[in-house]
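In UniProt numbering, the protein residues as written are 1 to 260.
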């Protein structure tokens, strides 16, 4: 049997309103009970802007670590502006907040990347923080800007040409490709070498009425995508749990994804 994979529970899996009202720590505790290895903190789910201040992030990160979990810090901010320029201020803020939390990964959206990857500028931001254990990742989003396959292949090609291939990695969101009508198997073939973290979900519905959903245990297509991606990277649960049996649901999916 293959070794188990670290499974992260994304805070939003417990419900956005539940996280805003109960706070992240409550759901980190639920993640620990479910057997998860990590917990993804979502910046947009803080109920109060003061929760993103360094001292509060340090306190939250310390409490998560005391549970025996490592953390991901996710922000809806984008690495590139709509004009295609590196957003150095957004990157610096995200890195500082993730560092305060003590996160292992800091995750941003890609935004309006077009051609020049600005790898040296990204590397400079990372080096100034001197946090060699903080990994920067960008996620394929649901919108056209920051969600196209060509943007991600272009990004990593440009970084490689500039000699900065290792400055950042990717959060490969299996379900988000559906919003862009991209076949995730093909995307996995092109991007697997750059994937550091996988967001696990499928979708139901079509168009504007498309929603994230849990993959079925017998979903051969989902299993095939996982097989194309690195097995030594963590897998995040980003689909909603059944609110009537959250603890049971969370534990079941943690066990399944850890060994799928």
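A virtual CB, placed ideally from N, CA and C, is assigned to each residue, including glycine.
When the Cα atoms are used, what is the spatial distance from residue i to residue j?
i	j	result
residue 36	residue 194	24 Å
residue 152	residue 198	15 Å
residue 5	residue 61	22 Å
residue 156	residue 115	10 Å
residue 227	residue 221	10 Å
residue 64	residue 29	8 Å
residue 32	residue 67	7 Å
residue 225	residue 184	7 Å
residue 230	residue 243	31 Å
residue 170	residue 245	32 Å
residue 172	residue 250	21 Å
residue 192	residue 223	15 Å
residue 26	residue 72	16 Å
Beta-carbon separation of residue i and residue j under 7 Å?
i	j	result
residue 236	residue 10	yes
residue 121	residue 86	yes
residue 92	residue 141	no
residue 89	residue 106	no
residue 97	residue 52	yes
residue 112	residue 147	no
residue 43	residue 75	yes
residue 8	residue 24	no
Skipping 5 residues on each side, what residues in its chain have a beta carbon closer than 6 Å to that of residue i?
i	result
residue 149	182 and 187
residue 158	117
residue 119	159, 162, 164 and 167
residue 175	201, 202, 203 and 212
For residue i, count the other beta carbons within 10 Å of its own beta carbon; 16 or more makes it buried, fewer makes it exposed. Which is it?
i	result
residue 100	buried
residue 209	exposed
residue 190	exposed
residue 12	buried
residue 135	buried
residue 143	exposed
residue 3	exposed
residue 218	exposed
If you run the structure through DSSP and keep just helix, strand and coil, what is residue i?
i	result
residue 246	helix
residue 203	strand
residue 64	helix
residue 151	helix
residue 104	coil
residue 237	strand
residue 159	helix
residue 42	strand
residue 31	helix
residue 54	helix
residue 210	coil
residue 113	coil
Can you list, in chain order, the residues of its chain with a C-beta nearer than 7 Å to that of residue i? Leave out the 5 residues immediately preceding and following it.
i	result
residue 178	203 and 210
residue 123	164 and 167
residue 260	223 and 226
Spatial neighbours of residue i within its chain, please: CB distance less than 8 Å, with the 5 preceding and 5 following residues excluded, ordered by chain position.
i	result
residue 261	Residue 261 is absent from the model: the chain starts at 1 and stops at 260.
residue 21	47
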